[in-house]
Each structure stands twice: as C-alpha cells, then as structure tokens.
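K.L.:
Numbering (our numbering), first residue to last: 852 to 1071.
(1) Measure the CB-CB distance between residue 978 and residue 917 and report whether it falls below 8 angstroms.
(2) Considering only the alpha carbon of each residue, which of 868, 864, 855 and 863 lies closest to residue 991?
(3) Sorted by chain position, which residues of the same chain lie with C-beta nearer than 8 angstroms to residue 851's C-beta, five sequence neighbours on each side aside?
(4) Take residue 1052 and list the residues in its own chain whose beta-carbon comes closer than 8 angstroms to its own, dropping the five residues that flank it on each side.
(5) By alpha-carbon positions, which one of 988, 1048 and 938 ends up nearest to residue 922?
(6) So, is residue 895 buried or exposed, given that buried needs 16 or more other C-beta atoms within 10 angstroms?
(7) Within 8 angstroms, do at least three Cβ pairs link the region 925-943 to the region 868-886?
(8) Could you check what DSSP says for residue 852 in three-state terms: helix, strand or coil?
(9) Does residue 890 come out as helix, strand or coil in the three-state DSSP assignment?
(10) Based on the DSSP secondary-structure assignment, which residues constitute the bridge partners of residue 990?
(11) Can you give me the Cβ contacts of residue 852 inside the same chain, cut-off strictly under 6 angstroms, excluding the 5 residues immediately before and after it?
(12) Hey, how far is the Cα of residue 912 from the Cα of residue 983?
(13) Tell me whether the region 897-914 and the region 939-955 touch, counting them as touching only if at least three CB pairs, one residue from each stretch, are closer than 8 angstroms.
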C-alpha cells in the first residue's frame, strides 16, 4: 500500500489533471478517445470544451471536478477517480451529461453522430438509482501496482456513506478488454453482474472496446 501518498477532494485548480484523468480513462489502454472519435473533435478542442464544462462543476455526473478525489505524492499528481450517488441531484447522470454536451458542444455535433448511437446503446448499462457510481479511475504508470485505486475507491465509499448513509451498493463499468482492471476490481470485492456487447467490428473505430462489464459490491 502507498501510505505515503495523500488523497484529497479535487478543487478548481486541479481541472487540468482531471481532464487528463478523464481522457486516459476513456482510452482504456488504447489510443482512442471516444469523445474525439464519436463527435469529430481534435484532442485540443476536447480539452478546451472540458475546461469549460468542468469549471461549471455540475454535480451528479462524471464531468464535474468536485466529484473527484486526487492522489498526490509530495504535491505531484499521481491519480484520480470520481464518484457520485446516482439520482441525488434530481436527474439521472445520463440526462445531466447529455444536456451538458448539447450545451457545450452544440446540437450539430450531436446530430452528426446520431448514426452511431444505436450501436453505442447496445453497450450502455443504465446506472441504478441510489447506488454509488465509481468512474474514471486512473493512476499514472509509475505508480501502478501500489494499491492506489483501492485506496481511492475506499475513500470515496467512506466519504459518500457519511453524506448518503442509505447507499447499499457500489457499481463500476470496466471495458471488456481491460482484463487488469477487472481482476483488480474483483480483488476488491466487486463481482461480475453482466456484460453488454456490440457485434459490429466497425465500432472499434470509435471506442476502445466492443463490450462493457457491470461489476458491483454490496456495502455492510
């Protein structure tokens, strides 16, 4: 365990590293950034858009800096991870995120990607109301294998249970090709629930994997 590494709630000053975290988590050990591929954005355009979105800090979904915990080694960023309790902001996270993307990216980009949505829907796993959602877990390569993901997730659970004592379950969704993440989460007590797949190979031009897995863990 990396006990010398500190964890804290993200602040506005951390937005650039949160963007790095989101992008690296999206890649899932590939070279594809789904947002760029699906919506025909350059990485520079995506980063500028994320800077605006994250500055708005809209809670209850993953594009919100204050939903993240960051891990630091002597004030140097080494990792981050986000969580929220689904539905506690009055809307489910998919509605919040869709509205955010429409506002900051524009309906034209959304409309241009419409032909892909029926395929992406095949691997969409709805988020369960009142469950703790863990997303975008990322650790810099030099710090992997030190138990930092486990520490981040455990800290999220501890903090969220203080604010939302009713939560009984934690969920996360690794890609089907990210075997190392699956094994790590399983070691933390997360169990396989289901897997959704897209059959069409062309979708790999847009996303890093044709499948997504739902894993969950019950809290005591």
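Beta carbons are placed, not taken as given, at the ideal position from N, Cα and C, and that holds for glycine.
P.N.:
Per the coordinate set shown:
(1) no
(2) 868
(3) For residue 851 there is no data in the structure shown, the boundaries of the chain being 852 and 1071.
(4) 1061
(5) 988
(6) exposed
(7) yes
(8) Low per-residue confidence applies at residue 852: pLDDT is 46, beneath 50, and the placement is therefore not dependable, though the value from the model is reported in the following sentence. Coil, per DSSP.
(9) helix
(10) 930
(11) Residue placement at residue 852 is poorly supported in this model, since its pLDDT is 46, which falls under 50; the coordinates are not used for a value here.
(12) 11 angstroms
(13) yes
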